[in-house]
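Notes for the one structure printed next.
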Amino acid sequence: MIYDAVIAGGGTAGLYFALQLGKRGFKTLVLEKDPPDRVSRRLDIIHLPYSLYERFGIEAPKEGDGEFGKEFLYSRSRSAIDTYEKVNSNHVYAVHLPAFNARLANLARDAGAEIIYGARYKRLIRECSEIKGIVYEKDGAEYEAFGKLIADASGISSAVRRDIDSPYMETFEIGPLDQFYVMLKYVIYDDPANETLEPVSWPYYKTWIGPFHGKSGGIIGCGASTSFDYCKYMMEKFEGRIPRPSYKVDHFEYGSTPYTRTPYSFVADNFMALGDSAGLTNPMSGEGIEYHFEFIKETLDAVCKALEDNDTSVEKLWPVNVIYNRSVNAANQEIRASVVCLMKMNERENEYIFKKGIIFRSDDEPEPNTVKELIKGVLSGDFSLKALTDTASGLIKAGKIRRHYEKFPGSPVGYAAWAKKADELWQKAGKITDMDRPLEVSGS
Ligand SMILES: Cc1cc2nc3c(=O)[nH]c(=O)nc-3n(C[C@H](O)[C@H](O)[C@H](O)COP(=O)(O)OP(=O)(O)OC[C@H]3O[C@@H](n4cnc5c(N)ncnc54)[C@H](O)[C@@H]3O)c2cc1C
């Protein structure tokens, strides 16, 4: 049997792709290396915007079902030494990821997808160098699965993408310095009155607190580039500067998400990369699910057209790149590039931008004249000239990246020259990890 699509990886990206293809009548096979009771167990609570459900055609969870954790209407963010708070309306669900993933699997199956658990991608099947399918291992034996389109949804490991041999597919590893490390400390407060009821974040430390669902405690979370050690260091700095009420640690969770640019092309002959394996995460926070779903939704018509026409060549799949890179991804990659300069600010500068509503602004605050306020900050000594010039030059470089993505070539012809120029622009913009200890807390 030849499937329309064979997808390696049964996380949120692979299952949502299978669900959408199934709804359009395509025959899809998902190969997941873990057994069903272990898939997505690496994390428990994740946050998904309320709008995600309606936008992507999935029923929202309800209080009392296994997936629902909590619902929030606002997000609060606070400045480096806790002086200023910004409040933004932000309707978000905290949900249990394993239950969300299990529901997606049921929906995909109902739409006709087959899912084989305990099936690990081993290698590609090629005929005359053309990709035809996947060899997978299950219970110690090897099996073959054939598909018109092979999709990599294997997460950070990017198991299939790294085996592709095509001038249109980058095979880079999402290495240790290309990840955003997240540490979640689940704590029980000594005084139950201190229970965390709603999420609050401190962007300066990339740290936040949130409820511990059902227990009189909270989750203290921290994310950092570079390493878990650096993440731990930042959490200690945060708790040293902004102490939490006394608590006992219940348990820790650790995980990482891609924190790297997306591959320039998401497609090659008979191949497509999705989800974390394609670096499709929020450029500020590393959260991925909304970004995976958006990519799939935006590009689905182009994929379905190629499958219907029985032609999944790179030329036929190219609209996937054009649609996504010229619009959503141009904006996302601009943000990704600008994060580098934002991270260079020190504690005092962070306080100043909070005070003036630059970048961080409550819904009811008027938009400031950023340039004027930054110059005033330099004159008052609240903002260094270096930070001002770094920020300005970083934002200019990031803007050039956006404009370059907006001019993504309309066909594979021209891709090599476009990619060469993109390499140069990314080189100039730099990476967060180019800065050693980018958020060193001054004066402590
Ligand atoms: C601590 C933490 C908190 C997060 N919080 C949020 C949040 O609040 N909101 C949000 O949107 N995102 C959040 N994220 C990010 C989000 O979890 C990921 O972006 C998303 O789960 C990735 O989905 P995926 O399907 O691409 O990859 P994964 O979920 O990694 O799925 C890949 C699947 O492929 C399987 N696989 C791997 N190799 C093979 C192989 N060789 N053969 C077959 N199968 C294979 C794996 O077993 C896995 O099931 C968080 C991440 C972390 C680490």
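Be aware that the sequence shown starts at 5, since it is given in my numbering, and climbs by one per residue. Ideal Cβ positions, reconstructed from N, Cα and C, are used throughout, including at glycine.
Residue i to residue j, Cα distance in whole Å?
| i | j | result |
| --- | --- | --- |
| S205 | R80 | 6 Å |
| A131 | E410 | The identity of residue 131 in the sequence shown is Glu, whereas the question assumes Ala. Approximately 36 Å, taken between the alpha carbons. |
| G13 | K126 | 12 Å |
| E177 | K435 | 16 Å |
| I129 | K320 | 21 Å |
| M5 | K142 | 18 Å |
| V332 | D195 | 46 Å |
| R245 | D394 | 26 Å |
| A228 | S55 | 27 Å |
| F30 | P372 | 50 Å |
| I2 | N325 | Given a span of 5 to 448 for the chain in the structure shown, any question on residue 2 remains unanswerable. |
| T175 | R165 | 6 Å |
| A426 | I405 | 7 Å |
| P207 | S83 | 7 Å |
| E202 | A335 | 30 Å |
| S448 | S281 | Bear in mind that a pLDDT of 32 at S448, under 50, signals an unreliable position, so the number given afterwards is only what the model happens to contain. Roughly 38 Å between the two C-alpha positions. |
| Y185 | S260 | 4 Å |
| G221 | L429 | 45 Å |
| R365 | E355 | 12 Å |
| L101 | I50 | 6 Å |
| L1 | E351 | The structure shown does not extend to residue 1, since the chain is modelled only from 5 to 448, so the question has no answer here. |
| H255 | L111 | 32 Å |
| F104 | A391 | 42 Å |
Which residue marks the beginning of the alpha helix (DSSP H) containing residue i, and which one marks its end?
| i | result |
| --- | --- |
| G26 | T16 to K27 |
| S133 | Looking at the DSSP string, S133 is not in any alpha helix (DSSP H), and its letter there is neither H nor E. |
| P249 | Counting along the chain, P249 falls outside any alpha helix (DSSP H), and DSSP gives it neither H nor E. |
| R59 | Y54 to R59 |
| R330 | V318 to R330 |
| G116 | No alpha helix (DSSP H) contains G116, which DSSP labels as neither H nor E. |
| A421 | Y419 to A433 |
| I357 | E351 to K360 |
Helix, strand or coil, according to DSSP, for residue i in the structure here?
| i | result |
| --- | --- |
| L284 | coil |
| V191 | strand |
| D313 | coil |
| T211 | strand |
| P180 | helix |
| H255 | strand |
| S388 | coil |
| Y78 | strand |
| G398 | helix |
| R406 | helix |
| Y237 | helix |
| G159 | helix |
| A123 | coil |
| V164 | coil |
| H296 | helix |
The beta strand (DSSP E) spanning residue i covers which residue range?
| i | result |
| --- | --- |
| A451 | The displayed coordinates of the chain run from 5 to 448. Any statement about residue 451 would go beyond what the structure contains. |
| K90 | E89 to H100 |
| I154 | A145 to D156 |
| Y263 | Looking at the DSSP string, Y263 is not in any beta strand (DSSP E), and its letter there is neither H nor E. |
| Y7 | I6 to A12 |
| Y223 | A small fix is needed here, since residue 223 is Ile in this sequence, not Tyr. Unbroken beta strand (DSSP E) run through I223: G221 to A228. |
| E36 | T32 to E36 |
| S205 | V204 to W206 |
Would you say the beta carbon of residue i comes nearer than 7 Å to a heavy atom of ligand 1?
| i | result |
| --- | --- |
| A22 | no |
| K189 | no |
| T285 | yes |
| R45 | no |
| A145 | no |
| I168 | no |
| R124 | yes |
| G151 | no |
| A115 | no |
| A64 | no |
| T261 | yes |
| L52 | yes |
| H296 | yes |
| D280 | yes |
| V186 | yes |
| A12 | yes |
| E291 | yes |
| K390 | no |
Any beta carbon from chain C within less than 8 Å of residue i's own beta carbon?
| i | result |
| --- | --- |
| G159 | This model lacks chain C altogether, as it is built from one protein chain only. |
Quiz item: Any chance the stretch 291-307 sits against the stretch 371-378, with 3 or more Cβ pairs inside 8 Å?
Solution: In short, these stretches do not touch, since the Cβ pair count stays below three.
Practice problem: Say whether the stretch 165-183 touches the stretch 39-49, bearing in mind that this needs 3 or more beta-carbon pairs closer than 8 Å, one atom from each stretch. | Solution: No, they do not touch.
Quiz item: Between the stretch 348-361 and the stretch 83-96, are three or more C-beta pairs nearer than 8 Å?
Solution: Three or more Cβ pairs closer than 8 Å define a contact, and the stretch 348-361 meets that threshold against the stretch 83-96.
Practice problem: Specify whether the stretch 147-157 and the stretch 276-285 touch according to this definition: at least 3 beta carbon pairs, one from each stretch, less than 8 Å apart. | Solution: Note that the stretch 147-157 touches the stretch 276-285; at least 3 beta-carbon pairs, one per stretch, sit closer than 8 Å.
Exercise. Mind the definition here: the stretch 223-234 touches the stretch 13-30 only if three or more C-beta pairs lie below 8 Å; say whether that holds.
Key: No: the two stretches stay apart, fewer than three of their Cβ pairs being nearer than 8 Å.
Self-check item: At least 3 beta-carbon pairs within less than 8 Å: the stretch 131-140 vs the stretch 248-258
Solution: No, the stretch 131-140 does not touch the stretch 248-258.
Self-check item: Inter-stretch contact at 8 Å, needing at least 3 Cβ pairs: the stretch 339-353 / the stretch 53-70
Solution: The stretch 339-353 vs the stretch 53-70: no contact.
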